[in-house]
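Positions in the sequence shown are counted from 1; adding 17 to them yields the working numbering.
Think of the CB as a built atom: it goes at the ideal place given N, C-alpha and C, for glycine as much as any other residue.
So the structure is just underneath, and the comments pick up after that.
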Amino acid sequence: MKSTTEDIHVLEQIFEQFYAVGITGMGGVTRLGYSVEEDEMHRIFRELAEKEGFQTYTDEVGNTYAANEISNREYYLIGSHLDSVVDGGRYDGVAGIIAGLMILKWAKENHLNIPLRVVAFRCEESSNFGRCTIGSGLITKRIGKSEVECLESRDGKSFAEIFKERGFSMDPAKIANVKQYLELHIEQGKVLEEYGMSVGIVTDIAGPRRFNVHIHGEAEHSGATPMNMRSDALCAAAEFILEVERIGKDESHRGSVATVGVIHAKPNVLNVTPGEVTLGIDLRGIEDESLELMEKRMREAVTYISAKRHIPFFVEKTSAATPIKLDAGMQKKLVDCAERLRITYKIMPSGAGHDAMAFAEITKAAMVFIPCCKGVSHNRNEFTSLESIYDGARVIYEYLKREGETYDLSEKRESH
Ligand SMILES: [Zn+2]
């Protein structure tokens with residue numbers, strides 16, 4: 018490996034290539050999935066890889082790959098995404114791609130004898146179609162045509178139409194020959210920073226359960242309706258929100274969280290009692306049992322508050338995903354690598370969803386987190402240092418180096 022400064026300079030140069038794409042007046046970037054800005058990000062990725070002498074290609078759903086070898090051998094896949102939320106930051110996803118390119122470069126310079134590919138997935142964020150991890154989901158068959166064909170983009174274009182225009186397929190052949198999947202990503206929380214650790218080795222990815230709760234009170238004159246004759250939906254909501262917080266806190270020892278992130282009150286007028294409220298609830302955890310309990314307690318709170326206040330509540334479950342376990346063997350080896358490199362690490366779950374979820378279902382998958390400043394993400398103020406990307410990339414490279422030592426042996430073993 019070359020000197021640290023030289024490598025960081027390379028990372029910086031790659032980062033700068035992507036810098037201006039989708040720049041907003043406010044200083045962030047908007048690079049929505051399957052938009053021209055995302056296309057441009059993929060074009061740059063391809064160009065950077067080809068300049069280094071790697072082979073590139075695009076799959077049936079538009080994901081872009083760079084490879085040190087294209088053959089029928091099983092390969093290691095390093096992935097992340099190049100799209101962003103609206104007025105988002107420059108590191109979410111991109112950090113993983115920059116790291117991937119660096120690792121590919123190191124592998125070439127050091128004649129690492131393993132087939133390695135870096136993939137930039139399409140449309141990881143739900144910002145454009147209200148659905149996340151589309152590129153990785155379709156190519157692994159984690160999600161099917163029926164789940165995407167009726168989607169619409171923010172500007173009202175149909176997903177099916179967009180795919181047709183671009184010559185992509187909503188029913189692609191499933192990706193094959195992936196021996197293991199690795200992903201570097203910014204943490205998007207502040208755990209690593211609080212603990213002062215350089216990387217996170219991820220154990221599980223939390224499964225979200227989402228609900229809309231509708232509360233039906235009575236919209237009445239706020240001056241003429243006495244306090245004891247009201248059906249105030251917002252007061253009922255307030256009680257419920259605090260209960261959801263309590264439920265999350267009670268389950269926090271198991272790594273669970275509970276959030277009421279959306280509130281719509283009607284008519285939302287100063288001199289009318291709130292007649293109708295809709296809340297959006299996000300329960301997340303890495304243990305199914307904990308998620309189950311949180312949902313049960315949330316429903317009990319609904320019954321209790323509704324009865325006490327004589328106000329009807331309706332619970333609508335909008336989605337439920339099971340938590341994902343990443344490969345324990347890979348985690349252990351990544352920990353060894355971090356120790357060998359004297360890079361401080363923390364073993365931790367991921368609260369946010371990632372492309373790795375799709376691969377964990379078809380092969381062995383692992384994730385390495387790097388800290389991001391104050392945990393800020395999905396925001397134009399998102400920041401992580403190039404040194405952090407470098408540290409994370411080194412841990413993954415060290416891992417692959419070790420894999421390289423036994424790759425031929427395992428290939429032979431598997432073919433017998
Ligand atoms: Zn991301």
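Contact check for N288 against S239 passes: the beta carbons are separated by less than 7 Å.
Secondary structure at G292: coil, using DSSP grouped into helix, strand and coil.
The DSSP assignment places 250–267 as complete runs of the alpha helix (DSSP H) inside the stretch 243–267, in order along the chain (cut-off: 4 residues). For H371, same chain residues with a beta-carbon under 7 Å away, outside a window of 5 residues either side, are E200, H202, I222, M384 in chain order. Counted as a single uninterrupted DSSP element, the beta strand (DSSP E) harbouring L201 occupies residues 195–203. Straight-line spacing of the CA atoms in A254 and I232 works out to 7 Å. Residue range 162–165 is occupied by the alpha helix (DSSP H) that includes S163. A distance below 7 Å separates the beta carbons of K391 and K207. Counting only the Cα atoms, F331 lies some 14 Å from L251. Sequence-distant Cβ neighbours of A190 in its own chain, meaning closer than 8 Å and more than five residues away, are E77. In this chain, D353 is not harboured by any beta strand (DSSP E); it is covered by the alpha helix (DSSP H) spanning 345–357.
For S323, the three-state secondary structure derived from DSSP is helix. The C-beta separation of Y51 from R139 comes to about 6 Å, placing the pair in contact by the 8 Å criterion.
In this chain, the alpha helix (DSSP H) harbouring E29 covers 21–36. In this structure, DSSP gives K174 a state outside helix and strand, which the three-state scheme calls coil. Of all alpha-carbon atoms in R183, V219, S144, E23, the one lying nearest the alpha-carbon of L168 is that of S144.
T401 sits away from Y74, with the two beta carbons spaced by 7 Å or more. The Cβ atoms of G152 and N80 sit closer than 7 Å to each other. Non-local beta-carbon contacts of P329 in its own chain, meaning distances under 7 Å to residues more than five positions away in sequence, involve H233, S323 in chain order.
In the three-state reduction of the DSSP assignment, D299 falls in the strand class, which pools E and B.
Rounded to the nearest whole angstrom, the CA to CA distance from L358 to L28 is 19 Å. Placement of the Cβ of G409 at a distance of 6 Å or more from every heavy atom of ligand 1 is found. Taking a contact as a CB-CB distance under 8 Å, the pair R247 and E237 counts as one, their CB atoms being some 7 Å apart. Between the stretch 263–277 and the stretch 309–316 there are three or more C-beta pairs closer than 8 Å, enough to call the two in contact.
Taking the CA atoms as reference points, I379 sits about 7 Å from T157.
The closest CA to that of A373, considering only I280, K350, E333, S97, is found on S97.
If the five residues before and after H59 are omitted, its C-beta is found closer than 7 Å to the C-beta atoms of T81, L99, A137, all from its own chain and listed in chain order. If the five residues before and after T361 are omitted, its C-beta is found closer than 8 Å to the C-beta atoms of G213, M214, S215, V216, A355, all from its own chain and listed in chain order. Per DSSP, D56 is not a residue of any beta strand (DSSP E); the alpha helix (DSSP H) it occupies stretches across 53–68. Ligand 1 never approaches G370 closely enough for any of its heavy atoms to be under 6 Å from the residue's Cβ. Comparing C-alpha distances from A338 to each of G113, E262, F228 shows the shortest one belongs to F228.
With respect to the 7 Å criterion, A282 and L300 are not classified as neighbours on the basis of their beta carbons. In this structure, DSSP gives I115 a helical state, which the three-state scheme calls helix. With a cut-off of 6 Å, the C-beta of G272 is classified as distant from ligand 1, since no heavy atom of the ligand falls inside that distance. Under the three-state reduction of DSSP output, G42 falls in the coil class, being neither helix nor strand.
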